[in-house]
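*Asks:* Have a look at the structure that comes next, please.
What follows is the structure in structure tokens.
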């Protein structure tokens, strides 16, 4: 039966049709057609001359409902416009229901699916469902239609008959199943069922055996939990651990469950989500006993709900029903569910006071707040919660769920005046407006009378706005968890967010590693030797590991240690009972493999001393000692020799003590001999095991020591290719980035435009291109229409210099970064298509059609942490050559510390303008000493966002692009005094960032980004830094993420809630100044200390007191490097310093503004600095300018 939405039925037509079939046997059905509306003449598809459904123009939210008379398995739907008209639907939603009252939106790829409809009135468009729907009712909800006409629809539904036995449970009943034999033991099980429920708790299936085996499938807090044990522990023991899938399963809709077990391997599938796990217990079979045989059937009523869609305008007005009984007052009951932490649930005007209930566990009576919930009790968990309010008698009683009642005694009876507002309140009707409720409400009862929501929908009762009836559209946006690398997912009604605390990753979905990928990368940003954490595959799955970076040589060495550092003495071993030592490294095998493959060369020293202990001197040629490589394969060549030959380094150097043997130890002398050397075939490294088998003879002995794995070079940094034909491109496998994808690379060119890379799908695509000499664009389509992000540079990008590009797309946002320009991003829609489906190859240097090719060089192409070998692919591609001509394309870094290499006609030069260092190669530190009366103020006009968010439009290119709050700060300092002000940055809107040393010498970082709330304060390290030693500080802030690196220790913070109540410490530090030395100060692309020395006459730099240029930072680093030089096996971070700098004063205008408002004692403390003046700037630039005080 097809139902068309209307109050009156004008005509009935009985038609016999032949169902079109998709994957099922065709069946013949008879349908009754009910339709209404002046535009409808006939309704049936595909009979010639049929008209179609077209609603009245006054119907604001039309839909078409189909009743299939009984439950069917629907596999496809087709639509057509109204016959011979300009009316059709171009996009629509599909809802399904068993009862015609509780509706569920069809979902695909974890999102509400929007079906593509028609482009004209005659062509039929069929949409096959990716997963079939077992339902009786279908509802077509138009979203878009012909803009030049109206909406019209003819539909056809495809599918099969579906029959299934149904058992109904009331919470006290059960069904027992008896197997043929009393007890059965199985190695393989497949259990499948479908269920629907209105309760969030309950056991679906349970069985147990005599030896402790059990299986339990239950609902817990709306999730499906499976407990499966093969004899490990007694039932309901404390060790029970559940595997959970699904969420919000108490939605009164059918859900499918399949449990597949083979031995201990189990797949648990709920709808489209699967969990793979291994069972506990000692056995591999499941033994269960069952008794009894009971069947029954019953029914229970549907509980209709309504959805409040808008957080600003949704509300439901209901009149007060007559009080029941003799007692005056009123009572209200209802249930709600939501993810939001704030929102108005109920508001009512009382006879003498106002009363409202908010979602944040507060009800407010006459502007007085009451908290009815226990600490830690949450009502924004997506579950149904009940509210019971009663004002009868001389008191107000509120009960939430099973929490203790909250009671307020009153002297007189309270009566409701006017109406009850649920979920929100129009501005004209309420005072003290609160954020409207977003969520679902059901079972509303006023004065004991149930509210009929169908009457509300038909506008026969009450008034509503922004509501959707017969469905609860709550969605668990954390299922599946789209936060990567262990990030914790949190959600509201319309979005989700990721808490990346403790994950070592950042970004909207915890996708980006906070660490550099190699020691070489650390050196390029100005770091010195020490222990560092690197993430060898960046955003990939391997995770970070700690290594020692030795930067004392021209080559940067990465050192990975293991657990056996001391020499090992071996006696009494033989081939039958060998000595076996397993080496455990600081990095995992996968991490080490990634580091090795990305390095130019690796080596590991083997020191081996022997006395009457042979290595290879046997009659049958079998080795007596050997080592195992990273894969566990036996290697019998020894240090210093080539793979595959059982020899030692003395054989290669022709200096063995007995030239009849290839190793010194094989001479089998009673005196000590040595066969040491370096293993350098990196495909076999590192050494995982050492096996010694010839020390069991009298006087036989061996001593060995395996050094750490040492690698140098980063092959990815200068893996470059040149494109010299527009039609040429490099082809790689399809990008694997349905949900998340990041791409980064460098390019240089002299052409005006060209496609840098592209990957196409059937409709989806992703593309990065230089669209004009100064604009890079990132465009893609995941099914919601093309999206374009663009970054425009104030300087041309086709200047034959290297430029950095990074793009990222995930479920939360898309972003584009070019060089040091602002990060532009675009938030993803809350609903809609989200998976990027690509099926062609990745084209680098051109499009798939070989058009708009790129001419120039590309290097360091990285996709999701994987380095693409451009040079190897170029060897087999015409029009592309390996490498890139020019001095600045050398593997060795010519310019250091963020210095930029500039190509000249026959040479190169280093642009150090954006580096805190100076000199020909940007390696010379810039340090300045001050006396007590000295200070520096640096005023700059920031070309992009600093410490605030700003919207910006990229002229005609990007739909909605913004610059995100972002700062990168780096500096070094020496001081013996605290408190002290190290550095501050502020805007004239009183936003600021301050870095200070507290009284105890601990480092404090203050952020005040929102003037309406208190500042955030963070303490990355508690120990005193006022110790007269050189300390290196790096700070990266982006959005809510803050990363602080003190020397080589990295700490993560989240800017979320204010942590302090007083700003006295900042005021005190600002009044005391700073006594010490500051070196290599970098703020984003600016170097204020260097600007001071180079531009002493500039109006942007204000200097007070004498200034002395110093080399304290370089001297301290040189002493540290000297102490580390020459020690390859020992990892140490000990540092010895000579303090040669005394005094720098760092203060800020903002602190003087504070101190002027403070008490007299604080004013006295800052009086000695009162002669410092505020810098004067042009008022027209005032809003865009920042101050930087040193």
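Numbering (full-length UniProt numbering), first residue to last: 1 to 1190. A virtual CB, placed ideally from N, CA and C, is assigned to each residue, including glycine.
Sorted by chain position, which residues of the same chain lie with C-beta nearer than 6 Å to residue 123's C-beta, five sequence neighbours on each side aside?
*Replies:* Here the set comprises nothing.
*Asks:* Can you say whether residue 580 is buried or exposed, counting buried as having 16 or more other CB atoms within 10 angstroms of its CB?
*Replies:* So residue 580 counts as exposed.
*Asks:* So residue 638 packs on residue 624, CB below 8 Å; how close in whole Å?
*Replies:* Actually they are not in contact, since the Cβ atoms of residue 638 and residue 624 sit about 12 Å apart, beyond 8 Å.
*Asks:* Can you tell me which residues form a DSSP beta bridge with residue 758?
*Replies:* BP columns for residue 758 point to 767, 843.
*Asks:* Go to residue 696, then tell me how far its alpha helix (DSSP H) extends in each direction, as first and last residue.
*Replies:* Counting along the chain, residue 696 falls outside any alpha helix (DSSP H), and DSSP gives it neither H nor E.
*Asks:* Confirm, please, whether the CB-CB distance from residue 308 to residue 467 is below 8 Å.
*Replies:* In this structure, residue 308 lies closer than 8 Å to residue 467 by Cβ.
*Asks:* Kindly list the residues whose CB is nearer than 8 Å to the CB of residue 979, restricted to its own chain and excluding five residues on each side of it in sequence; keep chain order.
*Replies:* Closer than 8 Å at the Cβ level, and outside the excluded window around residue 979, lie 996, 997, 998, 999, 1065, 1068, 1069, 1072.
*Asks:* Does DSSP put residue 609 in a helix, a strand or coil?
*Replies:* The answer is strand: DSSP assigns residue 609 an E or B state.
*Asks:* Which residue from 106, 1089, 1028 puts its Cα closest to that of residue 938?
*Replies:* Among 106, 1089, 1028, the Cα nearest to that of residue 938 belongs to 1089.
*Asks:* Do residue 1031 and residue 1048 have their C-beta atoms within less than 8 Å of each other?
*Replies:* No.
*Asks:* Could you tell me whether the Cβ atoms of residue 1192 and residue 302 are closer together than 8 Å?
*Replies:* For the chain, the structure presents residues 1 to 1190; residue 1192 sits outside this window and is missing.
*Asks:* Report the CB separation of residue 567 from residue 705 in whole angstroms; it is logged as a contact under 8 Å.
*Replies:* About 4 Å separates the two Cβ atoms, so the contact holds.
*Asks:* Can you give the beta carbon distance from residue 682 to residue 602, rounded, assuming they're within the 8 Å contact cut?
*Replies:* Their Cβ separation, rounded to whole angstroms, is 4 Å, which keeps residue 682 and residue 602 in contact under 8 Å.
*Asks:* Closer than 8 Å is the cut-off here; do at least three beta carbon pairs connect the segment 115–131 with the segment 72–81?
*Replies:* Enough Cβ pairs lie closer than 8 Å, so yes.
*Asks:* In whole angstroms, what is the alpha-carbon distance linking residue 918 and residue 924?
*Replies:* Answer to the nearest angstrom: the Cα atoms are 5 Å apart.
*Asks:* DSSP three-state label for residue 417, please.
*Replies:* Three-state result, residue 417: strand.
*Asks:* Taking just the CA atoms, how far does residue 160 sit from residue 26?
*Replies:* Residue confidence for residue 26 is low, a pLDDT of 31 falling below 50, so the modelled location carries little weight and cannot support an answer.
*Asks:* Measuring alpha carbon to alpha carbon, tell me which of 799, 885, 833 ends up nearest residue 724.
*Replies:* Of the candidates 799, 885, 833, the one whose C-alpha sits nearest the C-alpha of residue 724 is 885.
*Asks:* Pick out whichever of 709, 494, 822, 809 has its Cα sitting closest to the Cα of residue 835.
*Replies:* When each option's Cα is compared against that of residue 835, the closest is 809.
*Asks:* Going residue by residue through the segment 544–604, where are the continuous alpha helix (DSSP H) segments of at least 4 residues, counting only ones entirely within it?
*Replies:* Entirely contained in the segment 544–604, the alpha helix (DSSP H) runs reaching 4 residues are, in chain order, 589–598.
*Asks:* With a CB to CB cut of under 6 Å and the five nearest residues on each side skipped, what residues in its chain are close to residue 863?
*Replies:* 743, listed in sequence order.
*Asks:* With a threshold of 6 Å on Cβ separation, who are the neighbours of residue 700 within its own chain once the five nearest residues in sequence on each side are excluded?
*Replies:* So the list reads 612, 613, once near-sequence residues are dropped.
*Asks:* Do residue 150 and residue 121 have their beta-carbon atoms positioned less than 8 Å apart in this structure?
*Replies:* In this structure, residue 150 does not lie closer than 8 Å to residue 121 by Cβ.
*Asks:* Please state if the CB of residue 1076 and the CB of residue 1008 are separated by a distance shorter than 8 Å.
*Replies:* The answer is no: Cβ separation not under 8 Å.
*Asks:* What do you get for residue 671, buried or exposed, if any count of 16 or more other CB atoms within 10 angstroms of its CB means buried?
*Replies:* Result: exposed.
*Asks:* Which stretch, first to last residue, makes up the beta strand (DSSP E) that contains residue 223?
*Replies:* Segment 223–230, the beta strand (DSSP E) holding residue 223.
*Asks:* Mark residue 262 as exposed unless 16 or more other C-beta atoms lie within 10 angstroms of its C-beta, in which case mark it buried.
*Replies:* The residue is exposed, with fewer than 16 neighbouring Cβ atoms inside 10 Å.
*Asks:* Helix, strand or coil for residue 855? Go by DSSP, reduced to three states.
*Replies:* Coil.
*Asks:* When you compare the CB positions of residue 572 and residue 695, do they come within less than 8 Å of one another, or not?
*Replies:* Yes, these two residues count as a Cβ contact at 8 Å.
*Asks:* Taking the C-alpha atoms as reference points, what is the distance between residue 1005 and residue 1102?
*Replies:* If I take the Cα positions, the gap works out to 25 Å.
*Asks:* Does the separation of the CB atoms of residue 338 and residue 275 fall below 8 Å?
*Replies:* No, Cβ-Cβ distance for residue 338 and residue 275 is not below 8 Å.
*Asks:* In the DSSP output, which residue or residues are listed as bridge partners for residue 692?
*Replies:* According to DSSP, residue 692 bridges with 579, 625.
*Asks:* Quick one: is residue 241 buried, meaning 16 or more other Cβ sit within 10 Å of its Cβ, or exposed?
*Replies:* By the neighbour-count rule (16 or more Cβ atoms within 10 Å), residue 241 is not buried but exposed.
*Asks:* Measuring alpha carbon to alpha carbon, tell me which of 482, 713, 503, 676 ends up nearest residue 610.
*Replies:* Minimum Cα distance to residue 610 is reached at 676.
*Asks:* Short check: CB of residue 328 to CB of residue 415, under 8 Å?
*Replies:* Yes, the pair counts as a contact, with Cβ atoms nearer than the cut-off.
*Asks:* According to DSSP, is residue 1054 part of a helix, a strand, or is it coil?
*Replies:* Reduced to three states, the DSSP call for residue 1054 is strand.
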